[in-house]
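Peer 1:
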Amino acid sequence: MTTNKNGIDQQKGTQKASLELLYRISREIATTLDLSTVLERVLSLSLKTIGAISGSIIVLDDNGHPLESAMIVNDQLLSHTNEQLKSTLEEGLAGWVVENRDAVNIPDTSQDERWLRRPDDEVTGAKSVVAVPIMARNDLMGVITLAHPKPHYLQKYHLALVHAIADQAGIAILNAQLYGESERRARVMTALANSATAMSSTLRLETVLDNILKEIQTALQVEAVTLSLIDSEEGNLVYKAAIHDTIDLSSSLVGRKIRIGQGFAGWVAECGEGEIIADTKDDPRFSQTNQLFPKISPYAIVAAPIFIPGKILGVLEAMNPLAGHFQTDALQVLSGIGSLAGSSIRNAQLYEDLEITHSRYHDLFENSIDPIIITDLQGNVIETNNRTLETNQYSEKEIKELSISEIHEIDWEGVGEDFSKLLDVASYSYESNLKTKNSEDIPIHVNVHQIQIANESRLQWILRDISERKKLDQLREDLTSMIFHDLRSPLSNVISSLDVIQASLPGARDQDIQDLFDIANRSTVRIQRLTKSLLDINKLESGRTITNLEEVKPDELIHYAKQALITQSDAKKQNVSLTIPADLPLIHADRDMLERVLINIFQNAIKFTPSKGHIDFGVEADGNSIQFWVQDSGPGVDPEYIDRIFDKYTRIHPDERIKGLGLGLAFCRLAVEGHKGRIWVENLPEGGAKFTFTIPSL
6 MTTNKNGIDQ
16 QKGTQKASLE
26 LLYRISREIA
36 TTLDLSTVLE
46 RVLSLSLKTI
56 GAISGSIIVL
66 DDNGHPLESA
76 MIVNDQLLSH
86 TNEQLKSTLE
96 EGLAGWVVEN
106 RDAVNIPDTS
116 QDERWLRRPD
126 DEVTGAKSVV
136 AVPIMARNDL
146 MGVITLAHPK
156 PHYLQKYHLA
166 LVHAIADQAG
176 IAILNAQLYG
186 ESERRARVMT
196 ALANSATAMS
206 STLRLETVLD
216 NILKEIQTAL
226 QVEAVTLSLI
236 DSEEGNLVYK
246 AAIHDTIDLS
256 SSLVGRKIRI
266 GQGFAGWVAE
276 CGEGEIIADT
286 KDDPRFSQTN
296 QLFPKISPYA
306 IVAAPIFIPG
316 KILGVLEAMN
326 PLAGHFQTDA
336 LQVLSGIGSL
346 AGSSIRNAQL
356 YEDLEITHSR
366 YHDLFENSID
376 PIIITDLQGN
386 VIETNNRTLE
396 TNQYSEKEIK
406 ELSISEIHEI
416 DWEGVGEDFS
426 KLLDVASYSY
436 ESNLKTKNSE
446 DIPIHVNVHQ
456 IQIANESRLQ
466 WILRDISERK
476 KLDQLREDLT
486 SMIFHDLRSP
496 LSNVISSLDV
506 IQASLPGARD
516 QDIQDLFDIA
526 NRSTVRIQRL
536 TKSLLDINKL
546 ESGRTITNLE
556 EVKPDELIHY
566 AKQALITQSD
576 AKKQNVSLTI
586 PADLPLIHAD
596 RDMLERVLIN
606 IFQNAIKFTP
616 SKGHIDFGVE
626 ADGNSIQFWV
636 QDSGPGVDPE
646 YIDRIFDKYT
656 RIHPDERIKG
666 LGLGLAFCRL
676 AVEGHKGRIW
686 VENLPEGGAK
696 FTFTIPSL
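Taking this note's numbering, I'd label the letters of the sequence shown as residues 6 to 703.
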């Protein structure tokens, strides 16, 4: 009877201790929802109650992989790796419990092959162990294992007690997981919302990138985050930003480049797909670029592409989750932030490009040596550069109250009424005078064209001061006029003297002497023509009309010009053909002036036509005009000079050894236009140039 009573008392004591344990566990569980804290407290109380010296609780995810754990040996909470837990689940007793979803009591671990042998088992000896699956709502949540150093110590009632503990732990773990998941989702949603706000709060690219990385680090709870962008010109992926919990990662990483397709990030950029690497040691893609991260040791990485419509912009990478592993939706979260980031980064890039362009234009605008004025399409001044204010001597306020027509004399014929012609041409140029505040006139070259500013059409006027050029032109003209005016008298004396010498010199009829006189006469006549042409240029440019007009036969002009230069063309063995139809109408002209026009054009043809080349010299009726032409077989006219070949001081071939002042064709234009005619030049398909001019017929 005494024995039975002692057994009953012992059983009651055990039941009381068990109830106290379950109560304490229930109370501990109720005080926290943090999963790791729950596991530590449950395991610690369980060990103390049954007298075990070591134990573990392993929590599993939906795929049976370790999610969280606690391990205590001799009252010490041990750190462990996923690799150690994985080994335990694959080969040890906990793995058997998980696979069979059944509890087990091993009286002696040395006699049971399900116990995973440890290196210290030889020292610590055999043990007794209980292991129980942790269930909640028929789902396997994990496994709890307790070990006592004495074989056969742990009995069935210990197993039943651990079962009860596991039941409470299951609910606690489920609640903690639900709470953790709720917190994580809230954190992710907050991070996504914050990401959208942070990304749209600025257009500064550096700030945008920094905001993106911070929100990713918060959302995924990771150690480090990097962002790289594709350089389409070089075909590289360039790291643009990086953050880390404790070290300066950006200084060693930003600016580094990898090829698209190289490494994990390069693979994501090439394929346009995100992925999680749970263990970098098992993935060869990471080993290709692990030298990029000398300051950290990435063991797990998730990466996602940054998209804009129709294009991959770059790659986001998050490394080393603080929990030891990535949540199942980590890729989805990173991809979502990547989608938000794409448009923000692109907008920031466009804004940065716009700022660079604006800064460049502003510098060019303000630092230009020429006055630049921006007006609306009505000519009202909107903006000016500093040079404009310096030149015009107005204040900024004063000049903005003016119209462009009050600042300079506008070529209304060229720009059109209300500037209408400027809307249809790329640009228009003319010369004018700038009117300053102090009523000073400054000669200027004006270039005006239409531009777009903030989607508004504006006119940009560039006013170049040509005072020095005008002074030089005037000096050159005055000097030229003076020289040729002074040449007329001595030249006339030379011609008269040659005539007297030729008439009075004995033996002047000798052919050799006659040839010398011919050369002298031709040279003086040429100088006389040039002198007259230069004087005529000055007269015609000043607006004086041609007065020495008479009825002239066009064919006589052709024959005269040919006869004047036949010696030169014969010297080069050139073939000169004349095209002169009969019964041509007369023209009303200054004979001497048009003879010089034809001689100038014919002389150019002789200069540029090679030896034994062909020159066609002709005239024909063309409606109410007579059309003259000279066609050579030379190199033609450089297209660059076609539009300005008849301007003063323009030479057809300025780089060649053929000499000239560039005044002959300028005289031709002025003389022809003075006769109400027109002159032009064109290159021929078969080579050579054709100079043509018209004179009204009677």
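A virtual CB, placed ideally from N, CA and C, is assigned to each residue, including glycine.
(1) Compute the Euclidean distance between the alpha carbons of I235 and Y304, then round it to the nearest angstrom.
(2) Verify whether the separation of the beta carbon atoms of I221 and L242 is less than 8 Å.
(3) Of all the CB atoms in chain B, is at least one closer than 8 Å to the CB of R209?
(4) Beta-carbon separation of E228 and L327 under 8 Å?
(5) Kindly confirm or deny that the segment 354-364 and the segment 237-251 touch, where touching means at least three C-beta pairs closer than 8 Å.
(6) Based on the DSSP output, what are the partners of I178 in its beta bridges?
(7) Taking DSSP as the reference, what is the three-state secondary structure of Q457?
(8) Find out if the Cβ-Cβ distance for the pair A283, A308 is shorter than 8 Å.
(9) Relative to the alpha-carbon of D368, which residue among E45, R290 and N390 has its alpha-carbon at the smallest distance?
(10) I need the boundaries of the alpha helix (DSSP H) containing F672, first residue and last residue.
(11) So what's W101 in DSSP terms, helix, strand or just coil?
(12) Suppose you measure from the CA of N460 to the CA of R392; what does that come to, to the nearest Å?
(13) From A2 to A224, what distance separates their C-alpha atoms?
(14) Which partner residues does K316 have in the DSSP bridge list?
(15) Which runs of the alpha helix (DSSP H) spanning at least 4 residues fall entirely within the segment 106-164, listed in chain order?
(16) Please report how far the alpha carbon of R469 lies from the alpha carbon of P690, in whole angstroms.
(17) Please check the pair I415 and I378, which I expect to be a contact at CB under 8 Å, by giving their CB distance rounded to whole angstroms.
(18) So, with DSSP's three-state summary, where would you put N553?
(19) If I follow the unbroken beta strand (DSSP E) through D597, where does it start and stop?
(20) Please return the same chain residues whose Cβ sits closer than 8 Å to the Cβ of L159, not counting the five positions on each side in sequence.
(21) Determine the closest residue to E45 out of N629, L258, Q632 and A181, with distance taken between C-alpha atoms.
(22) Are there three or more Cβ pairs, one per stretch, closer than 8 Å when the segment 212-221 is compared with the segment 312-320?
(23) State yes or no: is the C-beta of D595 within less than 8 Å of the C-beta of N553?
(24) Provide the residue(s) that pair with G56 in DSSP beta bridges, ordered along the chain.
(25) Thinking C-beta only, is I631 closer than 8 Å to I585?
(26) State the Cα-Cα distance for the pair I301 and L321, rounded to the nearest angstrom.
(27) Indicate whether the contact test is met: 3 or more Cβ pairs, each with one atom in the segment 565-585 and one in the segment 608-624, closer than 8 Å.
(28) On the CB-based measure, 16 or more other CB atoms within 10 Å of its CB, does A431 come out buried or exposed?
(29) Excluding five sequence neighbours on each side, which residues of the same chain lie with their C-beta closer than 8 Å to the C-beta of D66?
(30) Check for me: the alpha helix (DSSP H) holding H564 runs from which residue to which?
(31) Is the segment 438-453 in contact with the segment 340-349, if contact means three or more CB pairs nearer than 8 Å?
(32) Tell me the residue span of the alpha helix (DSSP H) that contains S340.
(33) Since E436 sits in a beta bridge, which residues does DSSP pair it with?
(34) Beta-carbon within less than 6 Å of G499's beta-carbon, same chain only, minus the 5 sequence neighbours each way: which residues are those?
(35) Under three-state DSSP, which class holds A229?
(36) Go ahead and pull the three-state DSSP assignment for S237.
Peer 2: Short version:
(1) 25 Å
(2) no
(3) Judged by its chain identifiers, the structure shown contains no chain B, having just a single protein chain.
(4) yes
(5) no
(6) None, per the DSSP bridge assignment.
(7) strand
(8) no
(9) N390
(10) G669 to G679
(11) helix
(12) 26 Å
(13) Residue 2 lies beyond the stretch modelled for the chain, which goes from 6 to 703, so this question has no answer here.
(14) I313
(15) 126-129
(16) 39 Å
(17) Rounded, the Cβ-Cβ distance is 12 Å, inconsistent with contact.
(18) coil
(19) No beta strand (DSSP E) holds D597; the alpha helix (DSSP H) holding it covers R596 to F613.
(20) I55, A57, N110, P112, S133, V134, V135, L151 and H153
(21) A181
(22) no
(23) yes
(24) For G56, which the question treats as bridged, DSSP gives no partner whatsoever.
(25) no
(26) 17 Å
(27) yes
(28) exposed
(29) L72 and T333
(30) P559 to A576
(31) no
(32) A335 to N372
(33) H450
(34) Residue 499 is actually Val in this sequence, not Gly. These residues qualify, in order along the chain: T529.
(35) strand
(36) coil
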